[in-house]
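In the working numbering, the protein residues as written are 17 to 206.
Okay, structure first, notes after.
This is the structure:
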């Protein structure tokens, strides 16, 4: 018995109608390409593994610092931003959660998880867009913020945090520079 019924002849409707093949199949069924489904799954699986790796490295660095010094200073917002291991852990958790939702949502075709995944990606995009627009519209304010506030915090925290010290030393060697602003080496005399 065929699942298709052809309407032809003399009266009104002419075309192919699909009969209900199974009683459990919904009337508003939409087809998702297997290629797209598994491509989204694989990409999100790779991001999920990357997020887990980032989380693991950040946790290892945090525990290593904790065991070496016995304390981690987190008094202000700048302390959290300048603590590279915490930034790695937070970024790893965020990437893992969002990519796991995309991975599972694509594999199971779960619309709730896919909507969460889409909203997260949209928020990340809008946040990046807002930062880029602020940098373009207010370049002087962004430069003064980075040079005055952020540079001072980095310079004052340079000797306190060995991870930050290693990062700054690596950046100065790699980019062949001696400071964080246009003042160059004079930044370190503040």
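Where a beta carbon is used, it is the ideal one built from N, C-alpha and C, also for glycine.
What runs of the alpha helix (DSSP H), each 4 residues or longer, lie entirely inside the stretch 72 to 119? 93 to 98
Hey, would you say residue 82 sits closer than 9 Å to residue 116, going by beta carbons? no
Tell me whether residue 19 sits in a helix, a strand or coil according to DSSP, three-state version. Low local confidence applies: a pLDDT of 47 at residue 19 is under 50, so the model's placement there is unreliable, and no value is given.
6 Å CB neighbourhood of residue 17 in its chain, flanking five on each side removed: Note on residue 17: pLDDT 45, under 50, position unreliable in the model; the coordinate value appears next. There are no such residues.
Confirm, please, whether the CB-CB distance from residue 71 to residue 104 is below 9 Å. yes
What did DSSP end up calling residue 192 once you bin it into helix, strand or coil? coil
Which whole-angstrom value is the C-beta distance of residue 120 and residue 129, which I expect to be below 8 Å? 6 Å
Helix, strand or coil for residue 125 per DSSP? coil
Hey, quick one: how far does the alpha helix (DSSP H) through residue 168 stretch, first residue to last? 167 to 173
Out of 94, 156, 122, 134, point me to the one whose CA is closest to residue 47's CA. 122
Along the chain, where does the alpha helix (DSSP H) containing residue 160 start, and where does it finish? 155 to 160
Do residue 77 and residue 111 come within 9 Å of each other at the CB atom, strictly closer than that value? no
Let's test the definition: count the other Cβ atoms within 10 Å of the Cβ of residue 159 and tell me whether it reaches 16, buried, or not, exposed. exposed
Examine the Cβ distances between the stretch 85 to 102 and the stretch 179 to 196 and report whether three or more of them are shorter than 8 Å. yes
For residue 153, count neighbouring C-beta atoms within 10 Å of its own C-beta (all shown protein chains included) and say buried if the count is 16 or more, exposed if not. exposed
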